[in-house]
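Enquirer: Numbering-wise (my numbering), the sequence shown opens with residue 462 and increments by one. We put the CB at the ideal spot given by N, CA and C, even for glycine. Let me begin by handing over the structure; questions about it come next.
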Amino acid sequence: MNFPFRYSLSTANRQPCYRGGPATLVCKAVMEETHDARTFVFEDRQSRTFDFKPGQYATFKFEIGGKLCPRAYSICSTPTRPHNIQITVKRVPGGVVSNWLNDEMRPGMEVEIADIGGTFNYLDLPSSKPLFLSGGSGVTPVISMLQYINDVVDPTDVVFVYFSRTPRDIIFRDQLEFIAKRFKNVTIHLVVGDDSEEPHFPGAKGHIGAALMQSLVPDLQEREIFMCGPEGFMKAAREMARQISVTALHEESFGEKITIDDTGDPGGEVYFALSGKHGKCAPGETLLEAALNVAIWIESSCQQGVCGSCRIRMTQGAVDMNDLGGLSDEEKAGGYVLACCSRPRGAVSIEA
Ligand code: FES
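If you want it as structure tokens, here you go:
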């Protein structure tokens, strides 16, 4: 009997490989992780295997209701299992893409991937004593790194502290407990804010802060921190890191950002100087969205103000730029903005 869905490792080695760039993926499976988070497994339509680094993100171009919605999600699977990539997406109140994925994505549906990238990964930032620190869905790049450590039997002394609201919000709990039990060099602390639903919860209770972190990780000051989570969590984690003067800090912050209508940015006319086209940013819309609306393609990847690939020069006007470090101070001084996270304050002119 023929089992076309089964692969051998030697087959994997011989298969052509996807290393980035536009491609079509097919949803292979959808798996429940928690009451509000699902994992989506995607295969390449051309049956290529995937080459990436544990901790990197993929940028997708979802089409929802006839509108293009680019989003970056950390890959939660590991390159040591290369036949597919997986993302885990938690519902966000008002989140267009996260809710659409959870409600609509089914096996057999196709999605467009734009690229894979990111320097927040286990191979480009080698550390002898890493501390992974996550809140909520910020566990996704970390599970990729931990699975990699598991698969290659990496002996690095790793500590992972994972904060969730309640025990039922812990994503990948089974996998984390399995890895912690199996590898003596990996210590995992699960921390919840409220454990009332599980009276004998084996982890800790509390919120991120210097005192709790020092009690869980006695050698905290010697460790290099890799943190990922929603914005509120990252802010508290940065404050904790500042209080204890950590050796080094690396950040990733993905998750759907919701457009808030009362941000105060008025939107405005956009003049695309190189193509001679005029467009319009509605309040809350980014320059990247305005460009897409008039069929101007600006290179982009993370869509979160991290990677810098949507860097563009603004020659007139002002924007509110909500970036996460994707531009250097020199670039900002040189008039560059990130199109994916810049919202005009009135009329602007950009070199696109
Ligand atoms: S696409 Fe990455 S910073 Fe804009």
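1) Out of Leu486, Asp790, Gly766 and Asn754, point me to the one whose CA is closest to Gly569's CA.
2) Just the C-alpha distance for Pro602 and Asn582, rounded to the nearest angstrom, thanks.
3) Determine the direct distance from the alpha carbon of Arg509 to that of Pro477, and round the result to whole angstroms.
4) I'd like to know whether the C-beta atoms of Leu749 and Cys801 end up nearer to each other than 8 Å.
5) Rounding to the nearest angstrom, what Cα-Cα distance links Leu586 and Thr580 in this structure?
6) For Asp723, which of helix, strand or coil comes out of DSSP?
7) Which runs of the beta strand (DSSP E), 3 residues or longer, sit entirely within the region 473–559?
8) Val614: buried (16+ other C-beta within 10 angstroms of its C-beta) or exposed?
9) Are Arg804 and Asp784 touching if we call contact CB-CB under 8 Å?
10) Using C-beta distances below 7 Å, list every residue in its chain close to Ala813, excluding the 5 sequence neighbours before and after it, in chain order.
11) Less than 8 Å between the C-beta atoms of Asp612 and Thr500, yes or no?
12) Starting from Met688, follow the beta strand (DSSP E) in both directions and report where the run begins and ends.
13) Does DSSP put Gln619 in a helix, a strand or coil?
14) Please return the same chain residues whose Cβ sits closer than 8 Å to the Cβ of Ile811, not counting the five positions on each side in sequence.
15) Within 10 angstroms of its Cβ, does Gln704 collect 16 or more other Cβ (buried), or is it exposed?
16) In the DSSP assignment, find the unbroken beta strand (DSSP E) run with Arg774 in it and report its ends.
17) Mind checking Arg643: buried by the 16 CB within 10 Å criterion, or exposed?
18) Return yes when at least one heavy atom of the ligand FES lies under 7 Å from the C-beta of Ser535, else no.
19) Considering just the uninterrupted stretch of the beta strand (DSSP E) at Ile574, what are its terminal residues?
20) Is the beta carbon of Ile669 closer than 8 Å to that of Phe633?
21) Assuming Pro616 and Phe662 form a contact by the criterion Cβ under 8 Å, report the distance between their Cβ atoms to the nearest whole angstrom.
22) Mark Ile719 as exposed unless 16 or more other C-beta atoms lie within 10 angstroms of its C-beta, in which case mark it buried.
23) Taking the straight line between their C-alpha atoms, what separation do you get for Val619 and Ile686?
24) Short of 6 Å in beta carbon distance, which residues of its chain neighbour Lys738, apart from the five on each side in sequence? Order them along the chain.
25) So, with DSSP's three-state summary, where would you put Leu746?
Expert: Let me spell this out:
1) Closest in alpha carbon position to Gly569, among Leu486, Asp790, Gly766 and Asn754, is Leu486.
2) Between the C-alpha atoms of Pro602 and Asn582 there is a straight-line separation of about 8 Å.
3) Near 5 Å, if we compare the C-alpha coordinates of Arg509 and Pro477.
4) Yes, the pair counts as a contact, with Cβ atoms nearer than the cut-off.
5) If I take the Cα positions, the gap works out to 8 Å.
6) The pLDDT assigned to Asp723 is 39, lower than 50, so where the model puts this residue is not dependable; a value taken from the coordinates is nonetheless given after this. Shown here, Asp723 sits in coil according to DSSP, grouped into three states, outside any helix or strand.
7) As far as the region 473–559 is concerned, its whole beta strand (DSSP E) runs of at least 3 residues are 484–495, 498–505, 518–525, 528–535 and 546–551.
8) When all chains shown are included, Val614 counts as exposed.
9) Judged by beta-carbon spacing, Asp784 lies beyond the 8 Å limit of Arg804, meaning their Cβ atoms are not closer than that value.
10) Take Ala813, set aside five residues on each side of it, and the residues of its chain with a beta-carbon closer than 7 Å to its own are Phe733, Leu735, Ser736, Ala752, Ile757, Ile759 and Ile773, in chain order.
11) Cβ atoms of Asp612 and Thr500: not closer than 8 Å.
12) Met688: member of the beta strand (DSSP E) spanning Glu685 to Cys689, first to last residue.
13) In the sequence as displayed, the identity of residue 619 is Val instead of Gln. Three-state result, Val619: strand.
14) Take Ile811, set aside five residues on each side of it, and the residues of its chain with a beta-carbon closer than 8 Å to its own are Val731, Tyr732, Phe733, Ala734, Leu748, Ile773, Arg774, Met775, Thr776, Val798 and Ala800, in chain order.
15) Looking at its Cβ environment, which holds fewer than 16 other Cβ atoms inside 10 Å, Gln704 is exposed.
16) From DSSP, the beta strand (DSSP E) with Arg774 extends over Arg772 to Gln777.
17) Per the 10 Å Cβ criterion, exposed.
18) Taken from the Cβ of Ser535, every heavy atom of the ligand FES lies 7 Å or farther away.
19) Glu571 to Gly578 is the span of the beta strand (DSSP E), which, as asked, contains Ile574.
20) Not a contact, by the Cβ cut-off of 8 Å.
21) That belief does not hold up - the Cβ atoms of Pro616 and Phe662 are roughly 30 Å apart, past 8 Å.
22) Note that Ile719 has pLDDT 42, beneath the 50 cutoff, so the model's placement of it is unreliable and no number is given.
23) Using only the alpha carbons, I get a separation of about 11 Å.
24) Closer than 6 Å at Cβ, skipping near neighbours: Val755.
25) Contrary to the premise, residue 746 reads as Glu rather than Leu in this sequence. Annotated three-state conformation of Glu746 is coil, per DSSP.
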